[in-house]
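Colleague: Starting off with a structure, shown below.
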Amino acid sequence: MSDATGSADAGPQLVGIVLVSHSAAVAASVAELAAGLAGGGRTAPVAPAGGTMDGGLGTSAELIAAAAASVDRGAGVAVLTDLGSAVLTVKALLAEGDELPEDTRLVDAPFVEGAVAAVVTASAGADLAAVEAAAAEAYSYRKK
224 MSDATGSADA GPQLVGIVLV SHSAAVAASV AELAAGLAGG GRTAPVAPAG GTMDGGLGTS
284 AELIAAAAAS VDRGAGVAVL TDLGSAVLTV KALLAEGDEL PEDTRLVDAP FVEGAVAAVV
344 TASAGADLAA VEAAAAEAYS YRKK
């Protein structure tokens with residue numbers, strides 16, 4: 224999905240976003256929603272990494288690593304996850320040190336709201352720290 228939402232146009236490097244879900248459909252839908260809400264113009268590269276290699280429910284280190292490589296534009300990669308074992312899979316990849324692009328961060332944020340905030344902020348050209356902060360701030364959004 225990064226090719227559809229990322230841009231190869233000249234300009235500042237954008238932070239890439241990876242959305243890790245136990246469901247391929249959920250990851251793809253949240254990626255589509257976040258990119259769509261980022262508005263017109265240049266959109267940060269975003270890629271879903273959902274489900275297992277055989278299409279089942281779960282997480283796949285291989286899919287996560289491939290998604291991260293596909294959105295890496297040199298400004299860092301923010302990884303958001305849905306549930307506990309997705310977090311553990313990303314932490315294991317980060318601990319290995321060579322499976323994910325340099326300057327990849329696991330972002331502690333709500334999955335949908337954090338994804339939207341991350342993609343919107345990254346699309347505006349913010350750096351990785353600002354993208355992470357915007358996504359994490361989504362925890363404070365209240366619906367009442």
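The opening position of the sequence shown corresponds to residue 224 in our numbering, with each subsequent residue numbered one higher.
From the three backbone atoms N, C-alpha and C, an ideal C-beta is built for every residue, glycine too.
1. If you drop the 5 nearest sequence neighbours on each side, which residues of the same chain put their C-beta closer than 8 Å to that of residue 346?
2. CB residue 246 to CB residue 286, shorter than 8 Å?
3. Once DSSP output is grouped into helix, strand and coil, what is the label at residue 238?
4. Would you say residue 249 and residue 303 are within 8 Å of each other, going by their C-beta atoms?
5. Can you tell me whether DSSP reads residue 244 as helix, strand or coil?
6. Ends of the beta strand (DSSP E) at residue 273?
7. Is the beta carbon of residue 342 sitting closer than 8 Å to the one on residue 324?
8. Between which two residues does the alpha helix (DSSP H) carrying residue 316 extend?
Modeller: Looking at the atomic coordinates:
1. 237, 261, 262, 264, 265, 266, 267
2. no
3. In the three-state reduction of the DSSP assignment, residue 238 falls in the coil class.
4. no
5. strand
6. 269-273
7. no
8. 307-319
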